[in-house]
Amino acid sequence: MTTPPPPQYQQGGNPYGQPQAPQGGNPYGQPLPPQGGNPYGQPQPPQGGAPFGQQGPQPFPQQGAQPGSCTFCGGLPAVHATVRGHQGFLVIMRFLKLKANYCRSCGIATHRDMTTKTLWQGWWGLASFVITPITLLGNLGARAKFNKLPSPTGGWGPPRDAGKPIFGRVGAYGILAPLIVIGAIVGVNALDDSADTAVVGDCMHRGSSSTSQPDLTVVDCTDAKAQYKVLAVIKGSFTSSEAEEKCTAAAPDFRYDYVETGSGSSFLLCLKDK
Ligand SMILES: [Zn+2]
């Protein structure tokens, strides 16, 4: 009842230091070599196509290329420009830039690629929320230069295909990521009716008869469930006698004080019957 071992996935060279045990056995008895599972564990070899890494596909200028001609195809006219990209990860960030001479076609192609990638890779960190829009706006200057150029001629190779417009590319919809995050935060806050969102003038409902956990929630004052009106909100942690003192000072006509002490926010509400 021996079955042949499953074909092993190899990525170039012989990743296995030792021959695998032939029969069934435990295929995981030996540590497996890395199989590209961790893209950040080792420097990746440059992968063609994207001028996004530090070393993008910058064709070596051929001999006899005219000075100032396009770095990518040798065509003229070309302008010197820097196109930037940004990648945010949770803790680290990458700032990418590709400084070169660009003809119209290669410039537009690079700008579209970098912008699209930045739109979906640029948001994954707090600082990146600020840096990504700056990067995108900064590239508009380079893009405007490219747009003014006529089509290139006389290059030693074909100019890059400008490709689809940015919003014809799936990655561009990464721009929705920050909107979704902001929308979610706003949405959660709007739905949150717990006592710590109460402000002066709000009305509250008591969901439980328990003295220690009265389950106060903010409700609309026109709501039949509204029982109390908030007269004062005081940040801080207070004992019951301190709370009474504070409410007496802040809202002399208060009837009840409610102290909540917890992670993040501790506060005191001074309430009266609605
Ligand atoms: Zn070019």
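Residues are numbered in this note's numbering as their position in the sequence shown, beginning at 1, plus a constant of 159.
Backbone N, C-alpha and C define an ideal beta-carbon position, used for all residues, glycine too.
DSSP, read as helix, strand or coil, puts K304 in helix. Residues L390, K431 of the same chain have their beta carbon placed closer than 8 Å to that of D412, with the five preceding and five following residues left out of the count. Contact between the stretch 261-280 and the stretch 229-242 is present: three or more C-beta pairs spanning the two stretches fall below 8 Å.
Within the model, the alpha-carbon separation for V418 versus K433 is close to 19 Å.
As summarised for the stretch 223-278, the continuous beta strand (DSSP E) elements at least 3 residues long and confined to that stretch are 238-247, 252-261, given in chain order. In this structure, the alpha-carbon of Q225 lies about 16 Å from that of S310.
Contiguous alpha helix (DSSP H) elements confined to the stretch 298-371 occur at 335-350, taking only those with 4 or more residues. A distance filter of 5 Å between CB atoms and the heavy atoms of ligand 1 selects the following residues in sequence order: C229, F231, C232, G234, C262, C265, P318.
Here P318 is buried: its Cβ has 16 or more other Cβ atoms, across all protein chains shown, within 10 Å. In the three-state scheme derived from DSSP, where H, G and I count as helix and E and B as strand, C429 is classed as strand. Rounded to the nearest angstrom, the gap between the Cα atoms of A354 and Q372 is 11 Å. Measuring C-alpha to C-alpha distances from E403 to each of G342, C429, K394, K323 identifies C429 as the nearest. 7 Å or more divides the Cβ of R243 from the Cβ of G281.
Nearest neighbour of P292 by Cα position, chosen from V345, V359, W279, turns out to be W279.
The beta-carbon distance between L257 and T269, rounded to whole angstroms, is 6 Å. This is short enough to meet the 8 Å contact definition. Excluding residues up to 5 positions away in sequence, P373, D374 lie with their Cβ nearer than 7 Å to the Cβ of S367 in the same chain. Beta-bridge pairing by DSSP links I293 to no other residue. Apart from sequence neighbours up to five positions away, the residues of its chain that approach L308 with a beta-carbon distance below 6 Å are P236, R263, ordered along the chain. In the assembly as shown, T407 is an exposed residue. Its beta-carbon has fewer than 16 other beta-carbons within 10 Å. Look at K388 here: in three-state DSSP terms it is strand. Annotation for G266: F305 place their beta carbon closer than 6 Å to its own, counting only its chain and skipping 5 residues before and after. Assigned with DSSP and collapsed to three states, T376 falls in strand. Per DSSP, the unbroken alpha helix (DSSP H) holding S399 starts and ends at 399-409. Distance from K276 to G330 at the Cβ level is roughly 6 Å; contact confirmed, criterion being Cβ atoms closer than 8 Å. Nearest in C-alpha terms to A240, of all of V345, A303, G346, is A303. In summary, S287 is buried, with 16 or more beta-carbon neighbours lying within 10 Å of its beta-carbon over all protein chains present. Cβ contact annotation for I325 (same chain, cutoff 8 Å, sequence separation greater than five): R271, T274, T275, L278, A331, in chain order.
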